[in-house]
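Novice: I'd like to ask you about the structure that follows.
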Amino acid sequence: MQNEIKTQDYTTVKSLFICVGFTALYLLIAGSSTLWDRDEPRYARVTAEMVESGNYLVPTFNGEVWFDKPILLYWLMSVPVRLLGPSEIACRFAGVIGTAVTLLLTFFIGKKLFDTKSGLWAEAILGTTLLMLFVGSSALVDGTALPFIVGAMAIFVGRQGEKIRAIDSGAIGVLIGLGMLAKGPLGLLPVFVMIVTIWFGHKNIGGFIRNFIWVLIAVVIAAGIFLLWAIPANRATDGELYKVFFGKHIVGRALSPMEGHGGNFFKYLPYYPAIMVAGFFPWVIFLPGAFSSIISKRIGNAGARNILLSWITVTVVLMTFAATKLPHYILFAWPAMAVMVGGTITAAGKNIFNKQDKKWLRGGVWFSGPVGLGIAGGLISIGHFIKIEGLILPGLICGTIVLAMTIICCYLQVREKFIGTAKVVLAGVLIFITPLLFVLLPAIEAIKISPHIAKVIQEKTGKDVPVAMYKYAEPTLNFYVGRNITQLRKTDEVVGWLKGAETRVLIIPRKDFEDIRQNAGDIAFEEIASKKGINYSKGKEVEVVALLVKTQTRQ
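Here my numbering is used: the first residue of the sequence shown is -9, the next is one more, and so on.
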């Protein structure tokens, strides 16, 4: 008994050690680049404005009410921003910590559904998937929402095969409520997973009804937590929350694609399966075998198989029916897939698979191989397509590492050296991150326009000097300039701004300014900054200039 307790303590310490290691790694990634358009700087600027104004009820962006997302993200981000100032690491800190907590929860779920070794593998797998690496080191809502909704699932998993108790229902309700405060309706995803799991796992109708009622009580608690903020925020803005958040961003996103993210339902049916293949890289090499071993009942008990399959299937199906589609909408399924793959790797070490399972494990190369070759090819050729000095060598180094990892893993997988594959994948990702941090990401900074332009504006103008932008409405400008920016939409507005009576700044693509300049007449201005780069949110190369327009003398 004492030996068993010591073993459990050791594995817990090991899990914490893995978590601390990933936290440090993600913080390094978070601090290695400026913010990426467009969501990161939007959330970061909203948080900065919240800290500046002291208004923690109604979020604003560029001085206007901003209800695109609920409030919890900004509350959590505001703590490091108040302590460290509005820097990249401060804005991304909450997401990194949220990801670390999610990794620990994934370990617990893997340990509960399979065994300790599977839980440790699941923790490491989740932290090294492509989509998790990006989201977890960014100032995005998903990194802060995941620990709450995965935490709700962890409580549910902890009651596997047993009755849900009042305390479980209360804890699940609180966590889902916090998830809703972070991510809106996507915070309810665990509810649908739980209901489907209970239905397929119930032994009698009475047990189903009892557990179903406890889940509904959790939903009521969650709704109450969300409304504690939503009702006063809606009143403070004369119903704006209801119109924008519920009307536009919930109903609107569900019924029609927003900002071009989605399209014809049947055309986009393969969208999320493709995201699972690409976003779960490089561990996707184990995914076909993991599904095979779960479905064929080779790993896990009936309860574990029911939970994992329900978790993944419900998430993907629900998001498929939503008209707006983005990769991170199904990130909630990643811990379940990591646990499933972790259990598969552990089982492979015990050599319990039959020929069918091994066939599907070998077949993973048909998914991992093309994705790996595509990523490697893109990195190796990036410097040739984007004509930025210093980008060719970093791309070549990173691309070569991905290529080598892909080839070695495919070779080992086909040879049925599954544990060897897992070790190479883990080592390959960690090796890849080194040149990514110290070579590639610094080189990519050369293509970013806004940070350079904003830095010069801050150096050469005071906080009270008004700034406007025309045909370059990127949120990174709002964040890095650190003040509200007037957005000009017509050439007449630009001419009027240039002829204003006070000193002011105009940010505009050079090509558009040259077209407008001839109609503006005599204007006293100084070009204080220019930057040629990639407006990557639109996929276009552009040169942007910042013009300091001098005070105009009135006759």
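All C-beta atoms, glycine included, are put in the ideal place defined by N, C-alpha and C.
Note that the structure is predicted; figures quoted are calculated from it, not measured.
#1: Sorted by chain position, which residues of the same chain lie with C-beta nearer than 7 Å to Arg544's C-beta, five sequence neighbours on each side aside?
#2: By the three-class DSSP mapping on this structure, what secondary structure does Pro60 have?
#3: Spatial neighbours of Ile8 within its chain, please: C-beta separation below 8 Å, excluding the five flanking residues on both sides.
#4: With a threshold of 16 other CB atoms inside 10 Å of the CB of Tyr16, please say whether the residue is buried or exposed.
#5: In this structure, how does DSSP classify Ile365 when only helix, strand and coil are distinguished?
#6: Which of the three DSSP states is assigned to Ser300 in this structure?
#7: Skipping 5 residues on each side, what residues in its chain have a beta carbon closer than 8 Å to that of Lys540?
#8: Would the beta-carbon of Thr1 fall within 7 Å of that of Thr106?
#9: Which runs of the alpha helix (DSSP H), 4 residues or longer, sit entirely within the stretch 370 to 443?
#10: Beta strand (DSSP E) containing Met459: first to last residue?
#11: Indicate the three-state DSSP secondary structure (helix, strand or coil) for Asn474 in the structure shown.
#12: Does Gln508 pass the burial test, meaning 16 or more other C-beta atoms within 10 Å, or should it be called exposed?
#13: Does DSSP classify Ile518 as helix, strand or coil?
#14: Within 10 angstroms of its Cβ, does Val307 collect 16 or more other Cβ (buried), or is it exposed?
#15: Go through its chain and collect everything with a Cβ distance to Val404's Cβ below 8 Å, but skip five positions before and after it.
#16: Whole angstroms are fine: how far does the CA of Gly529 sit from the CA of Gly250?
#17: What residue ranges within the stretch 281 to 329 form continuous beta strand (DSSP E) runs of no fewer than 3 residues, ordered along the chain?
#18: Check whether the Cβ atoms of Ala142 and Pro180 sit closer than 7 Å, and answer yes or no.
#19: Would you call the CB atoms of Gly252 and Ala326 closer than 7 Å?
#20: Does the stretch 285 to 303 touch the stretch 226 to 242, meaning 3 or more C-beta pairs lie closer than 8 Å?
#21: Let me know the secondary structure DSSP gives Arg544 once reduced to three states.
#22: Since Ala212 is in the alpha helix (DSSP H), which residue starts that stretch and which ends it?
#23: Find the nearest neighbour of Ala433 within the set Ser5, Thr24, Lys4, judged by alpha-carbon distance.
#24: Within the chosen definition, does the stretch 119 to 135 reach the stretch 78 to 86 through at least 3 CB pairs nearer than 8 Å?
#25: Might you give, ordered along the chain, the residues of its own chain that have their beta carbon closer than 6 Å to the beta carbon of Tyr261, omitting 5 neighbours on each side?
#26: Would the beta-carbon of Val484 fall within 7 Å of that of Leu478?
#27: Using only CA atoms, which one of Leu178, Asn52, Gly385 lies nearest to Phe428?
#28: Sorted by chain position, which residues of the same chain lie with C-beta nearer than 6 Å to Lys521's C-beta, five sequence neighbours on each side aside?
#29: Quick check: Ser283 and Ile289, are their CB atoms within less than 7 Å of each other?
#30: According to DSSP, simplified to helix, strand and coil, what is Met(-9)?
#31: So the beta strand (DSSP E) Pro175 belongs to, where does it begin and stop?
#32: Whole angstroms is fine: what's the gap from Gly447's alpha carbon to Ile518's?
#33: Less than 7 Å between the C-beta atoms of Arg28 and Pro465, yes or no?
Specialist: Judging by the given coordinates:
#1: Counting from 1 along the sequence shown, the entry for residue 544 is found at position 554. Low per-residue confidence applies at Arg544: pLDDT is 44, beneath 50, and the placement is therefore not dependable enough to give any value.
#2: Stepping through the sequence shown from its first residue, residue 60 is reached at position 70. Correct three-state label for Pro60: coil.
#3: As a working mapping, residue 8 is identified with position 18 in the sequence shown. So the qualifying residues of the chain are Leu93, Phe97, Leu110, Glu113, Ala114, Gly117.
#4: One-based indexing of the sequence shown puts residue 16 at position 26. That one is buried.
#5: Within the sequence shown, the letter at position 375 stands for residue 365. Three-state result, Ile365: helix.
#6: Taking the first residue of the sequence shown as 1, we reach residue 300 at position 310. Looking at Ser300 - three-state DSSP - the assignment turns out to be helix.
#7: Within the sequence shown, residue 540 is the residue found at index 550, counting from 1. Contacts found: Thr493, Ala514, Phe515, Glu516.
#8: For this step, residue 1 is matched to residue 11 along the sequence shown. For this step, residue 106 is matched to residue 116 along the sequence shown. It is a contact, given that the beta carbons lie within the stated cut-off.
#9: 382 to 404, 408 to 425, 431 to 434
#10: Working through the sequence shown from its first residue, we reach residue 459 at position 469. Looking at the DSSP string, the run of the beta strand (DSSP E) that includes Met459 is 457 to 460.
#11: Locating residue 474 in the sequence shown gives position 484, where the first residue counts as 1. Asn474 falls in the coil class under three-state DSSP.
#12: Residue mapping note: residue 508 aligns to position 518 of the sequence shown, counting from 1. Classification of Gln508: exposed, given that the 10 Å Cβ count is below 16.
#13: For the purposes of this step, residue 518 is identified with residue 528 of the sequence shown, where counting begins at 1. Correct three-state label for Ile518: strand.
#14: The residue you call residue 307 lines up with position 317 of the sequence shown. Val307 is exposed by the Cβ-count criterion.
#15: As a position in the sequence shown, residue 404 is number 414, starting the count at 1. So the list reads Arg352, Val355, once near-sequence residues are dropped.
#16: Position 260 of the sequence shown holds residue 250. Position 539 of the sequence shown holds residue 529. Their Cα atoms are separated by approximately 14 Å.
#17: none
#18: For the purposes of this step, residue 142 is taken as the residue at position 152 of the sequence shown. For the purposes of this step, residue 180 is taken as the residue at position 190 of the sequence shown. Yes, these two residues count as a Cβ contact at 7 Å.
#19: Numbered from its first residue, the sequence shown carries residue 252 at position 262. Numbered from its first residue, the sequence shown carries residue 326 at position 336. Against a cut-off of 7 Å, the Cβ pair of Ala326 and Gly252 comes out as no contact.
#20: no
#21: For the purposes of this step, residue 544 is taken as residue 554 along the sequence shown, with counting starting at 1. The pLDDT assigned to Arg544 is 44, lower than 50, so where the model puts this residue is not dependable; a value taken from the coordinates is nonetheless given after this. Taken through DSSP and simplified to helix, strand or coil, Arg544 comes out as coil.
#22: Counting from one through the sequence shown, the residue named residue 212 turns up at place 222. First-last of the alpha helix (DSSP H) with Ala212: 195 to 226.
#23: Start at 1 with the first residue of the sequence shown, and residue 433 comes out as number 443. Of Ser5, Thr24, Lys4, the residue nearest in Cα terms is Thr24.
#24: yes
#25: Translated into the one-based positions of the sequence shown, residue 261 becomes position 271. Cβ within range, chain order: Lys315.
#26: Residue 484 sits at position 494 when you count from the first residue of the sequence shown. Residue 478 sits at position 488 when you count from the first residue of the sequence shown. Cβ distance < 7 Å, so Val484 and Leu478 count as in contact.
#27: Against the sequence shown, residue 428 aligns to sequence position 438. Of the candidates Leu178, Asn52, Gly385, the one whose C-alpha sits nearest the C-alpha of Phe428 is Gly385.
#28: Your numbering for residue 521 matches position 531 in the sequence shown. Cβ within range, chain order: Ile439, His442, Ile443, Val534.
#29: Sequence index remark: in the sequence shown, residue 283 carries index 293 (1-based). Sequence index remark: in the sequence shown, residue 289 carries index 299 (1-based). Against a cut-off of 7 Å, the Cβ pair of Ile289 and Ser283 comes out as a contact.
#30: Residue numbering aside, residue -9 sits at position 1 when the sequence shown is read from its first letter. Legend: pLDDT at Met(-9) = 49, less than 50; position of this residue unreliable, value from coordinates given subsequently. Met(-9): coil per DSSP, three-state reduction.
#31: If you number the sequence shown from 1, residue 175 lands on position 185. Here Pro175 belongs to no beta strand (DSSP E), and DSSP marks it neither H nor E.
#32: Reading the sequence shown from its first residue, position 457 is the one you call residue 447. Reading the sequence shown from its first residue, position 528 is the one you call residue 518. A small correction: the amino acid at residue 447 is Ile; Gly does not occupy that position in the sequence shown. Roughly 8 Å between the two C-alpha positions.
#33: Translated into positions along the sequence shown, residue 28 becomes position 38. Translated into positions along the sequence shown, residue 465 becomes position 475. Yes; because the gap between Cβ atoms is below 7 Å, this pair is in contact.
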